[in-house]
Amino acid sequence: MGDVQDILIVGGGIAGLVAACMLRDRGFTVDLVEKNPAWNAYGVGIIQQSNVVRAMHQAGLLERYLASGFPFEDVEFHSPDGVRRARIPGERLAGPDYPANVGVRRSALHETLKAAVLEKGTRVRLGLTVQGLVQADGAVDVTFTDGSAGRYDLVIGADGAHSRVRSLLFGERYVPTFTGQSVWRTNFPRPQGMEALQTFRDVSGNSAGLVPLSADLMYLYLTTREPGNPRFAPGQLPALMRERLKDFRGAVAELREQITDASEVVYRPIEVVFVDEPWYAGRVVLVGDAAHTTTPHLGQGAGMAIEDVVVLSELLGGGQPVKDVLPAFFARRYERTKYIQDTSLMVCRAEMENDHTLNHPQVIGEMLHYTARPI
Ligand SMILES: Cc1cc2nc3c(=O)[nH]c(=O)nc-3n(C[C@H](O)[C@H](O)[C@H](O)COP(=O)(O)OP(=O)(O)OC[C@H]3O[C@@H](n4cnc5c(N)ncnc54)[C@H](O)[C@@H]3O)c2cc1C
Numbered sequence: 001m002g003d004v005q006d007i008l009i010v011g012g013g014i015a016g017l018v019a020a021c022m023l024r025d026r027g028f029t030v031d032l033v034e035k036n037p038a039w040n041a042y043g044v045g046i047i048q049q050s051n052v053v054r055a056m057h058q059a060g061l062l063e064r065y066l067a068s069g070f071p072f073e074d075v076e077f078h079s080p081d082g083v084r085r086a087r088i089p090g091e092r093l094a095g096p097d098y099p100a101n102v103g104v105r106r107s108a109l110h111e112t113l114k115a116a117v118l119e120k121g122t123r124v125r126l127g128l129t130v131q132g133l134v135q136a137d138g139a140v141d142v143t144f145t146d147g148s149a150g151r152y153d154l155v156i157g158a159d160g161a162h163s164r165v166r167s168l169l170f171g172e173r174y175v176p177t178f179t180g181q182s183v184w185r186t187n188f189p190r191p192q193g194m195e196a197l198q199t200f201r202d203v204s205g206n207s208a209g210l211v212p213l214s215a216d217l218m219y220l221y222l223t224t225r226e227p228g229n230p231r232f233a234p235g236q237l238p239a240l241m242r243e244r245l246k247d248f249r250g251a252v253a254e255l256r257e258q259i260t261d262a263s264e265v266v267y268r269p270i271e272v273v274f275v276d277e278p279w280y281a282g283r284v285v286l287v288g289d290a291a292h293t294t295t296p297h298l299g300q301g302a303g304m305a306i307e308d309v310v311v312l313s314e315l316l317g318g319g320q321p322v323k324d325v326l327p328a329f330f331a332r333r334y335e336r337t338k339y340i341q342d343t344s345l346m347v348c349r350a351e352m353e354n355d356h357t358l359n360h361p362q363v364i365g366e367m368l369h370y371t372a373r374p375i
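Put into structure tokens, the structure is as follows:
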């Protein structure tokens with residue numbers, strides 16, 4: 001018999017928001033605390049592949065989600081001379097009426113999920129976090145940084161790469177580390193006919209991609225080696241991004257000189273962390289980036305976060321006690337997230353070493369095949 005009614009979600013990002021929706025749909029009482037008082041997300045995009053479209057269907061959020069993004073089918077690969085060399089057709093895992101893949105602005109996805117969370121009756125508090133957790137008598141006593149307190153049957157740490165909940169469970173055993181690469185992103189108008197994820201390489205191993213986001217928008221991402229993890233003033237970013245794109249050919253080269261608006265360029269060092277032991281202790285569990293922050297090379301980080309909460313919510317909805325739900329959750333999620341973590345890092349390292357033996361279309365094809373398996 002189930003022993004959970006009151007749930008606290010720490011973190012109102014992609015994982016926390018999808019979890020709140022699903023758990024409210026299953027009749028749980030849900031409180032959510034979010035550290036960022038503005039509770040916002042930046043406007044560049046995110047790629048969501050066929051397994052994520054399927055997971056959003058399972059979460060009961062697919063129609064709203066599709067309305068906030070741009071559906072597309074194929075992934076295309078270009079050689080350093082800018083010529084298209086390979087194409088992987090999408091697989092419609094959510095059913096024939098739904099697209100294989102979706103590109104979506106993070107801000108649009110965030111607003112869509114926030115609206116759903118509030119509509120479904122989650123109690124949201126902003127600008128605070130968890131101060132401490134004490135587990136006793138089959139419950140978790142939580143103190144918050146605003147001096148308030150609460151008692152919960154389950155606490156879900158969905159608080160991202162630098163998770164406070166993770167450090168409360170594991171101390172400093174798991175800390176994100178810099179990979180040596182960073183990502184540059186900016187938006188452009190989407191030309192007519194630009195309806196696939198297009199990936200590009202330069203001669204030194206850096207990669208870039210164009211992703212459709214809406215009827216009138218697409219975004220460009222670029223991964224580069226950044227030894228020493230430098231920090232740049234925002235005003236420098238357009239010129240630095242243009243400089244790093246100088247060896248690209250094809251569609252990316254044609255866009256380069258249009259990168260002039262510092263407020264539109266988002267720069268982010270790539271960090272990773274993977275909790276290589278059960279993601280729970282007692283009645284506290286980690287999901288999404290708090291448990292596994294991966295590199296963006298396979299475009300699956302948010303996908304794994306969404307899949308995590310779909311599995312956890314379904315298990316909790318099944319009415320099993322927490323002592324059975326959390327091990328079952330971890331068992332269903334470990335291998336898949338580890339595969340994404342390891343494969344993403346392999347691609348990241350191959351780029352940094354400019355390893356031409358890496359067959360990028362093959363790696364992506366295998367990943368799509370693997371993630372097509374049921375969760
Ligand atoms: C450059 C880059 C590109 C990416 N591209 C893709 C892509 O194309 N496709 C894809 O699937 N994934 C992509 N990812 C990965 C994806 O962004 C993450 O995997 C995803 O955001 C994880 O969701 P999350 O909810 O677990 O964490 P987050 O999205 O980080 O959300 C965590 C939330 O918790 C809040 N928070 C943090 N600390 C606390 C605290 N102590 N208390 C309360 N709240 C807190 C934060 O403010 C935030 O709202 C990319 C990542 C990067 C860095």
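In terms of UniProt numbering, the sequence shown has 219 at position 219, counting the first letter as 1, and numbering is strictly consecutive. For glycine and all other residues, C-beta sits at the position ideal for the given N, C-alpha and C. As the structure is a prediction and not an experimental result, all values here were calculated from the model.
DSSP on residue i, reduced to helix/strand/coil?
| i | result |
| --- | --- |
| residue 14 | helix |
| residue 156 | strand |
| residue 194 | coil |
| residue 49 | coil |
| residue 324 | helix |
| residue 161 | coil |
| residue 291 | coil |
| residue 72 | strand |
| residue 259 | coil |
| residue 334 | helix |
| residue 343 | helix |
| residue 202 | coil |
| residue 144 | strand |
Once you ignore the five residues that flank residue i on each side, which residues in its own chain have a CB closer than 7 Å to its CB?
| i | result |
| --- | --- |
| residue 122 | 20, 24, 30 and 32 |
| residue 195 | 72 and 212 |
| residue 158 | 9, 10, 11, 13, 15, 16, 19, 287, 288 and 290 |
| residue 27 | none |
| residue 64 | 112 and 116 |
| residue 204 | 247 and 354 |
| residue 249 | 80, 81 and 82 |
Can you name, in chain order, every residue of its own chain whose Cβ lies under 6 Å from the Cβ of residue i, other than the five neighbours on each side?
| i | result |
| --- | --- |
| residue 309 | 15, 18, 19 and 287 |
| residue 301 | 294 |
| residue 241 | 184, 259 and 265 |
| residue 307 | 55 and 375 |
| residue 168 | 133 |
| residue 146 | 128 |
| residue 113 | 17 |
| residue 89 | 74 |
| residue 304 | 337 and 340 |
| residue 125 | 33 |
| residue 371 | 51 |
| residue 76 | 84, 87, 196 and 198 |
How many angstroms separate the CA atom of residue i from the CA atom of residue j?
| i | j | result |
| --- | --- | --- |
| residue 98 | residue 215 | 17 Å |
| residue 279 | residue 172 | 14 Å |
| residue 56 | residue 95 | 12 Å |
| residue 128 | residue 246 | 43 Å |
| residue 276 | residue 337 | 11 Å |
| residue 103 | residue 218 | 8 Å |
| residue 296 | residue 142 | 33 Å |
| residue 154 | residue 38 | 26 Å |
| residue 100 | residue 198 | 15 Å |
| residue 81 | residue 130 | 51 Å |
| residue 174 | residue 166 | 8 Å |
| residue 222 | residue 210 | 9 Å |
| residue 224 | residue 137 | 50 Å |
| residue 105 | residue 70 | 9 Å |
| residue 47 | residue 239 | 25 Å |
| residue 255 | residue 244 | 13 Å |
| residue 345 | residue 58 | 28 Å |
Spatial neighbours of residue i within its chain, please: C-beta separation below 8 Å, excluding the five flanking residues on both sides.
| i | result |
| --- | --- |
| residue 160 | 11, 13, 288, 289, 290 and 293 |
| residue 60 | 21, 22 and 25 |
| residue 263 | 234 |
| residue 390 | Outside the modelled stretch of the chain, which goes from 1 to 375, sits residue 390, for which no answer is possible. |
| residue 79 | 85 and 201 |
| residue 257 | 242 |
| residue 311 | 329, 332, 333 and 375 |
Confirm the yes/no value for this check: CB of residue i, any heavy atom of ligand 2, distance under 7 Å.
| i | result |
| --- | --- |
| residue 148 | Among the ligands present in this structure, namely ligand 1, ligand 2 is not found. |
Since residue i is in the alpha helix (DSSP H), which residue starts that stretch and which ends it?
| i | result |
| --- | --- |
| residue 317 | 301–317 |
| residue 65 | 62–68 |
| residue 112 | 106–119 |
| residue 253 | 251–255 |
| residue 240 | 237–244 |
| residue 371 | 360–371 |
So residue i is in the beta strand (DSSP E); what residue range does that whole segment cover?
| i | result |
| --- | --- |
| residue 78 | 75–78 |
| residue 214 | 207–214 |
| residue 189 | 177–189 |
| residue 133 | 130–136 |
| residue 86 | 84–88 |
Please confirm whether residue i has its beta-carbon closer than 8 Å to some beta-carbon of chain B.
| i | result |
| --- | --- |
| residue 373 | Protein chains in the displayed structure number just one, and chain B is not present. |
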